[in-house]
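Reading the sequence shown from the start, the letters are residues 67 to 161 in the working numbering. Take a look at the structure set out below.
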Amino acid sequence: MDLHDYLRYTADKGGSDLHLKAGGPAYVRIDGTLSPCNDLPALTAADTERFARQAMSDELWERFSSASAWRCSASAERWGWCCGASCPAPSGSTS
């Protein structure tokens, strides 16, 4: 399975949020309640790294791979999935 499969699962379940973390199941927020996706495979570190690579440009991946925290927000818009990602600015950067 890839990131798009997990996003499709979230949309099919009517979820608003998808939480991914290595070492356990994905979680989907449905009507305000966060629930494990026990019918999907548990995520490995390799899975979460592959998913992150799928969602990022090469430049963003370089920033991500040296960041201590990262957040991605995705939403189903009229023309399909839209994903935006952010990570901390590099040390000494003002942007």
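Virtual Cβ for every residue (Gly too), placed ideally from N, Cα, C.
Taking Cβ positions, are residue i and residue j nearer each other than 8 Å?
i: Cys103; j: Ala92; result: yes
i: Leu86; j: Thr76; result: no
Please work out which residues of its chain come closer than 7 Å, Cβ to Cβ, to residue i, disregarding the five sequence neighbours upstream and downstream, and give them in chain order.
i: Trp127; result: Arg119
i: Lys79; result: Val94 and Ile96
What does a CB cutoff of less than 8 Å around residue i pick up in its chain, not counting 5 residues either side in sequence?
i: Gly90; result: Pro102, Ala108 and Leu109
i: Asp68; result: Arg116, Phe117 and Gln120
i: Leu100; result: Asp83, His85, Tyr93 and Val94
Could you tell me how far apart the beta carbons of residue i and residue j are, in whole angstroms, since I believe they sit closer than 8 Å?
i: Arg95; j: Ser82; result: 5 Å
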